[in-house]
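Visitor: Structure in structure tokens, see below.
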Amino acid sequence: MSKFYITTPIYYVNSDPHIGHAYTNIIADCMARFRRIKGDEVYFLTGTDEHGEKIKKVAESSGEDVSEFVAKYAQNFKDLWGKLNISYDFFIRTTQTFHKEVVSKIITIIADKGDIYKEKYKGYYCIPCESFWTESQINSVRDAKDTIQKNKISNGVKEHGYSCPDCKREVKILEEDNYFLRLSKYQDWLIEHLKNNPDFVKPKTRYNEVLSFLEKNKLEDLCISRPKKRLSWGVDFPLDNNYVVYVWFDALINYLSGVGFGDDKKKFDSFWPADIHYMAKDIIRHHAIYWSIMLKAAGLELPKVIFAHGWWKFEGEKISKSRGNIVNPLDLIKVIGVDSLRYFLLREVPVGLDGHFSWGAIVNRINSDLANDLGNLVYRTLNMTEKYLKGEAKPLSRKVAHEFLEPLDFLKSNYSEHMEKGDFSLALELVFKFINVINKYIEDTKPWKLYKEKKIDEIKNFLYCLLEGIRIIAIYIYPFMPQTCESIMRQLGIEKSTVSLSDAQWAGKKDFVIKKESPLFPRIDVD
Ligand code: MSP
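Below, the structure is given as structure tokens:
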């Protein structure tokens, strides 16, 4: 049995989860479920990133105790994952003691190797992102020659109107002693690693972006501490009591602490390195650069794949809390249901590209693919089985319909390849092609005529083919729509609870005694 370790980013707990967060976890869940039905032993990690000044400030402004505040939001994420059927194995919170101990341990290991040093820092600082920026990184410098030296530094912080490359908010100028990780030392090694491992960062556009960034820029060492006098909500810095750990350094280590580093060697050794870290493109550099170097400096193996998906946008803008254009997944589920939402997000765009969120696009997808094609196929097949055969399809021959041969073969030989690559929309496209082959087969065969002509044996064989085709489809859609798979199986009279890809073989079920329920996907009215 191969092991497969898959992660999502851990989300900030300063607001409720939105559709963008849901998207990453749905993708990761789809991959995790596919791997499980393929026979792998999967470990799926998600969680929450709970330190940093940004979170503390939001908690304080709401008048709540910080620990209670973060616990409440962590629970909101957990609740949403429950509703979306996210089959994670462990939920990590960075305020948990075992995680903090691992952060401490990693810093100590790296420091012992000489890759952490203390130095005076003077430069730009973005408070909301808690990130330091170099002059060259500041994107909206009004006057390129206006250097830090020209600004009068008062109390370490001065406003001057430059903005953060990440969040576009104003950066401050800051001067203080801090601890640094020697990123620069590992720059050439990382370039080599990327060149030797062309699948390390996916998709290719992001790989090229990371590589060319490393080739064109000199890496600055990373400031990994924050003085407690201005930032206290963090993991104690093990080398110096006056500091806490930079929130990103703390957060990235969740991928180790969440899989047993330091306290469950057997688990850690069997799952590390991670097979895939999923995230959106905004945090690719934190992972491909900081994280890779942190691991290398700590003497640990690098993850196999860092996969950056695109952004969901609304009216052209990235969906995010700071832009105030949030789409709440809970509201959507109430109207369209969980599996329709999962289907829409996984089918609408290839994983690496941006998606444009609109009510019209959702309604189209649901009505045409789910209600018309899949839902209708299942409903009318079960209806015919009830009407023509009193609910029991016991065929004389289990031969696959000639019309299914080629498309089914094509589906079988390509589905796993698409799924393994994370090309979920392509995999779904194949499944829905087969669904439509079956729909066409019904139209062409005209079973109502066979019934009129009392050709019952032919009807038995015909309906067996439809039911067997639907059973195989149910297995293939399981990673995308687990509830729908379960419902189809139940209606086909299959009680077995575990789904396995190896059961997607023709004539895997010899006959059917069906139990029809209401249609899987009611059409959505647009008004
Ligand atoms: N806490 C850090 C991650 C640390 S991981 C060691 C963080 N948190 S976050 O709450 O801002 O979540 C960012 C992630 O949420 C993105 O990488 C992506 O997975 C998801 N998304 C947030 N908005 C999104 C969209 N509009 N579209 C797609 N994904 C989005 O960064």
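The numbering used here puts the last residue of the sequence shown at 578; the count rises by one with no breaks.
From the three backbone atoms N, C-alpha and C, an ideal C-beta is built for every residue, glycine too.
1. What number of angstroms, rounded off, separates the C-alpha of residue 100 from the C-alpha of residue 145?
2. For the alpha helix (DSSP H) that contains residue 71, what are its first and last residues?
3. Quick one, which of 457, 385, 372, 275 has its alpha-carbon nearest residue 575's?
4. Measuring only from the beta carbon, is residue 474 closer than 6 Å to any heavy atom that is part of the ligand MSP?
5. For residue 481 versus residue 535, is the C-beta spacing smaller than 7 Å?
6. Take residue 552 and list the residues in its own chain whose beta-carbon comes closer than 6 Å to its own, dropping the five residues that flank it on each side.
7. Would you identify the three-state DSSP class for residue 206, choosing helix, strand or coil?
8. Quick check: is any heavy atom of the ligand MSP less than 6 Å from the C-beta of residue 83?
9. Should residue 213 go down as buried or exposed, given a rule of 16 or more other Cβ atoms within 10 Å for buried?
10. For the alpha helix (DSSP H) that residue 159 lies in, which residues bound it at each end?
11. Considering only their Cβ atoms, is the gap separating residue 467 from residue 401 smaller than 7 Å?
12. What are the partner residues of residue 369, as DSSP defines its beta bridges?
13. In terms of residues, what are the limits of the alpha helix (DSSP H) holding residue 306?
14. Can you round the beta-carbon distance between residue 294 and residue 274 to whole angstroms, since I take them to be within the 8 Å contact cut?
15. Based on the DSSP secondary-structure assignment, which residues constitute the bridge partners of residue 95?
16. Could you tell me if residue 531 is buried or exposed, where buried requires 16 or more neighbouring beta carbons within 10 angstroms of its beta carbon?
17. Quick check: the Cα distance between residue 65 and residue 348, rounded to an integer number of angstroms?
18. Can you name the residues that DSSP bridges to residue 226?
19. Sort 304, 271, 270 by Cα distance to residue 286 and report the nearest one.
20. Less than 7 Å between the beta carbons of residue 79 and residue 93, yes or no?
21. Rounded to whole angstroms, how far is the Cβ of residue 56 from the Cβ of residue 323, which I believe are closer than 8 Å?
22. Using beta-carbon positions only, say whether residue 432 and residue 346 come within less than 7 Å of one another.
23. Please find out if some non-hydrogen atom of the ligand MSP comes closer than 6 Å to the beta-carbon of residue 256.
24. Below 8 Å on the Cβ atoms is my guess for residue 515 versus residue 439; work out the distance and round it to an integer in Å.
25. Do residue 641 and the ligand MSP come close, with the Cβ less than 6 Å from some heavy atom?
26. Could you compute how far the alpha carbon of residue 128 sits from the alpha carbon of residue 67?
27. Report the three-state DSSP secondary structure of residue 321 (helix, strand or coil).
28. Can you determine whether any heavy atom of the ligand MSP sits closer than 6 Å to the C-beta of residue 63, and answer yes or no?
29. At 4 residues or longer, and completely inside the segment 465-545: list those alpha helix (DSSP H) runs for me, N to C.
30. Since residue 416 and residue 394 should fall inside the 8 Å C-beta cutoff, what is the C-beta to C-beta distance between them, to a whole number of angstroms?
31. Quick check: is any heavy atom of the ligand MN less than 6 Å from the C-beta of residue 330?
32. Where does residue 542 land, buried or exposed, given buried means 16+ other C-beta within 10 angstroms?
33. If the criterion is Cβ atoms closer than 7 Å, does the pair residue 555 and residue 521 meet it?
34. Assign residue 407 to one of two classes, buried (16 or more other C-beta atoms within 10 Å of its C-beta) or exposed (fewer than that).
35. Thinking C-alpha only, which one of 398, 337, 413 is nearest residue 365?
36. Helix, strand or coil: how does DSSP classify residue 353 here?
Guide: Straight from the coordinates:
1. 6 Å
2. 70-89
3. 385
4. no
5. no
6. 88, 89
7. Confidence at residue 206 is low in this model, with a pLDDT of 41, below 50, so its placement is unreliable and the value that follows should be read with caution. If DSSP states are grouped into helix, strand and coil, residue 206 belongs with coil.
8. no
9. buried
10. 148-163
11. no
12. 364
13. 305-308
14. Contact doesn't hold; Cβ gap of about 10 Å is too wide.
15. 57
16. buried
17. 31 Å
18. 173
19. 304
20. no
21. 7 Å
22. no
23. no
24. Actually they do not touch by this definition, with Cβ atoms about 12 Å apart.
25. Residue 641 falls outside the range modelled here, since the chain spans only 52 to 578, and no answer is possible.
26. 7 Å
27. helix
28. yes
29. 475-496, 498-503, 507-528, 533-542
30. 7 Å
31. No copy of the ligand MN occurs in the structure displayed; its ligands are the ligand MSP alone.
32. buried
33. no
34. exposed
35. 413
36. coil
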